[in-house]
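Colleague:
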Amino acid sequence: MTLSFKATRDSRVENSSTLWDCKSTRRIPMMKSTPGSVLFRWVLQKIRFDRDLKWRTGVEIVPIQSTSSNGFRITAPALEEAFQLAQACNLKVKGLLVTNPSNPLGTTLSRKELDLLVNFINKKGIHLISDEIYAGTVFGPAKFVSIMEVLQKKILANTGIRNRVHMVYSLSKDMGLPGFRVGAIYSNDQSVVSAATKMSSFGLVSSQTQCLLSAMLSDKKFTKKYVAENKKRLKSRHAMLVRGLKMAGISCLESNSGLFCWMDARHLLRSQTLEAEMELWKKIRDVVRLNISPGSSCHCVEPGWFRVCFANMSEETLNLAIQRLKTSVDTISFGKDSNGFSHKSTENLITKYSVSKWAFPLSRYNER
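Numbering-wise, the sequence shown is residues 1 to 368 according to the numbering used here.
Structure, rendered in structure tokens:
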């Protein structure tokens with residue numbers, strides 16, 4: 001756990017449970033909710049949360065809206081609005097879920113926002129689940145603050161709220177080990193830890209994996225150097241993408257963490273609608289041949305935002321992707337046919353970046 005957050009004085013091994021498959025976030029709703037219950041969720045969340053949280057648990061999700069007007073930050077009015085909406089629908093709210101750092105925004109929650117969340121769940125008597133899987137990817141300038149650090153405030157030391165705040169983590173992102181499928185829950189509620197421990201028996205971490213991870217994580221010199229180098233490379237790659245997009249006339253939300261950028265392509269839409277966003281996404285996917293995620297897949301209500309990943313490819317491949325986008329911006333914006341494209345421009349674009357020209361660098365990189 002020391003890789004993801006600054007250990008607090010009362011952090012205890014007995015308050016954690018190691019789980020298989022990294023889907024720690026769905027375990028707590030399964031323990032604390034019944035079908036038909038409601039979880040609040042900061043609306044800009046990773047794409048798979050709907051599937052992970054709803055399919056097996058039967059809970060409903062009420063989004064907490066945030067907009068670009070304040071940098072997609074969480075506000076007290078937005079929290080209260082979501083709560084009132086759930087009550088108006090006769091739904092029983094059980095908890096609030098956030099990701100910190102955020103996927104897809106690539107931003108960290110400020111201490112002010114974390115205090116706001118803790119005060120809100122304290123007032124409403126509900127649970128708070130903080131998914132901190134990207135904690136070790138923060139490259140600055142703002143520092144990462146774990147929800148467990150916020151709970152160290154003296155006024156919360158002996159209150160029941162400590163048993164209603166839970167943190168989940170995984171080695172998938174910080175250590176680059178998604179294939180190991182190892183995650184963990186940290187909670188002061190022993191009933192949660194006990195239930196999670198029992199559930200973990202259905203997906204145990206293999207002895208070989210445990211042995212390897214134990215040896216690796218016990219090497220503090222290696223882990224410290226690894227995480228530091230990872231942050232350095234993420235910062236460099238992030239700057240490279242932002243700089244390249246800026247040269248193409250595209251800006252990004254200012255971010256300080258994660259493996260992705262929140263790209264603002266609203267000016268490329270033919271109209272400010274979700275239909276126009278999907279049309280643009282299909283053009284980028286089918287003609288420009290880039291795989292990015294439309295904001296609507298992350299429940300963003302403002303059309304034209306896209307999540308662009310930059311850490312899962314070589315620098316050469318990222319340069320190629322940026323160049324493709326630069327070349328296609330004018331074509332996307334001022335196309336001539338019914339789909340918004342100049343046939344000649346589209347043909348030139350595909351010819352210039354044929355499959356063989358970009359697949360070779362990828363295969364060569366994978367062989368290293």
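Even glycine gets a Cβ: it sits at the ideal position worked out from N, Cα and C. Every value quoted in this text rests on a predicted model; they were computed, and no experiment measured them.
Pairs of beta-carbons, one from the segment 57 to 76 and one from the segment 278 to 292, closer than 8 Å: are there three or more?
Modeller: No, the segment 57 to 76 does not touch the segment 278 to 292.
Colleague: Within its chain, find whatever has a CB closer than 6 Å to the CB of arginine 164; leave out the 5 residues flanking it on each side and keep chain order.
Modeller: Cβ neighbours of arginine 164 beyond the five flanking positions: His127.
Colleague: On the criterion of 16 or more Cβ atoms from any shown chain inside 10 Å, does arginine 51 qualify as buried, or is it exposed?
Modeller: Per the 10 Å Cβ criterion, exposed.
Colleague: Quick check: the segment 134 to 143 against the segment 226 to 233, are at least 3 beta-carbon pairs closer than 8 Å?
Modeller: Enough Cβ pairs lie closer than 8 Å, so yes.
Colleague: Quick check: what's the CA-CA separation for asparagine 256 versus glutamate 81?
Modeller: Spanning the two alpha carbons is a distance of roughly 28 Å.
Colleague: Have a look at the DSSP bridge pairing and note the partners of arginine 266.
Modeller: DSSP, once it has assigned bridges, lists no residue as partnering arginine 266.
Colleague: Going straight from the alpha carbon of tyrosine 134 to that of aspartate 174, what length do you get?
Modeller: For tyrosine 134 and aspartate 174, the distance between alpha carbons rounds to 6 Å.
Colleague: What are the start and end residues of the beta strand (DSSP E) that includes aspartate 131?
Modeller: From DSSP, the beta strand (DSSP E) with aspartate 131 extends over 127 to 131.
Colleague: Which partner residues of phenylalanine 306 appear in the DSSP bridge assignment?
Modeller: Answer by DSSP bridge pairing, in chain order: Met263 and Pro294.
Colleague: Could you give the DSSP three-state label for glycine 140: helix, strand or coil?
Modeller: Coil at glycine 140, not helix or strand.
Colleague: Is DSSP giving tyrosine 226 helix, strand or coil here?
Modeller: If DSSP states are grouped into helix, strand and coil, tyrosine 226 belongs with the helices.
Colleague: What does the Cβ neighbour count give for phenylalanine 180, buried or exposed, with the cut at 16 atoms within 10 Å?
Modeller: Looking at its Cβ environment, which holds 16 or more other Cβ atoms inside 10 Å, phenylalanine 180 is buried.
Colleague: Quick check on the DSSP output: the alpha helix (DSSP H) that includes methionine 278 runs from which residue to which?
Modeller: Here the alpha helix (DSSP H) through methionine 278 covers 274 to 286.
Colleague: Span of the alpha helix (DSSP H) holding lysine 198?
Modeller: Where lysine 198 is concerned, the enclosing alpha helix (DSSP H) stretches over 190 to 199.
Colleague: May I have the straight-line CA-CA distance separating methionine 313 from asparagine 319, to the nearest angstrom?
Modeller: So the two alpha carbons sit approximately 10 Å from each other.
Colleague: Given a cut-off of 8 Å, decide if proline 303 and alanine 276 are closer than it, judged by their beta-carbon atoms.
Modeller: It is a contact, given that the beta carbons lie within the stated cut-off.
Colleague: What residues match up with serine 170 in a beta bridge as DSSP calls it?
Modeller: DSSP output for serine 170 lists Gly183 as bridge partner(s).
Colleague: DSSP beta-bridge partners for serine 251?
Modeller: Answer is Asp264.
Colleague: Compute the Euclidean distance between the alpha carbons of threonine 209 and leucine 177, then round it to the nearest angstrom.
Modeller: Spanning the two alpha carbons is a distance of roughly 11 Å.
Colleague: Taking all protein chains shown into account, do 16 or more other C-beta atoms lie within 10 angstroms of the C-beta of serine 130, making it buried, or fewer, making it exposed?
Modeller: Buried, because 16 or more other Cβ atoms sit within 10 Å of the Cβ of serine 130.
Colleague: Can you say whether methionine 167 is buried or exposed, counting buried as having 16 or more other CB atoms within 10 angstroms of its CB?
Modeller: Looking at its Cβ environment, which holds 16 or more other Cβ atoms inside 10 Å, methionine 167 is buried.
Colleague: Figure out for me which residue from Leu79, Lys235, Ser251 and Met247 has the closest Cα to the Cα of lysine 123.
Modeller: For lysine 123, the nearest C-alpha among the options comes from Leu79.
Colleague: Drop a sphere of 10 angstroms on the beta-carbon of alanine 239, count the other beta-carbons inside from all chains shown, and report buried for 16 or more, exposed for fewer.
Modeller: Result: exposed.
Colleague: Using 10 angstroms around the beta-carbon of glutamine 65, count the other beta-carbons present and answer buried if the total reaches 16, otherwise exposed.
Modeller: The residue is buried, with at least 16 neighbouring Cβ atoms inside 10 Å.
Colleague: Candidates Asn100, Val118 and Leu116: which alpha carbon is nearest serine 146's?
Modeller: Ranking Asn100, Val118 and Leu116 by Cα distance to serine 146 puts Asn100 first.
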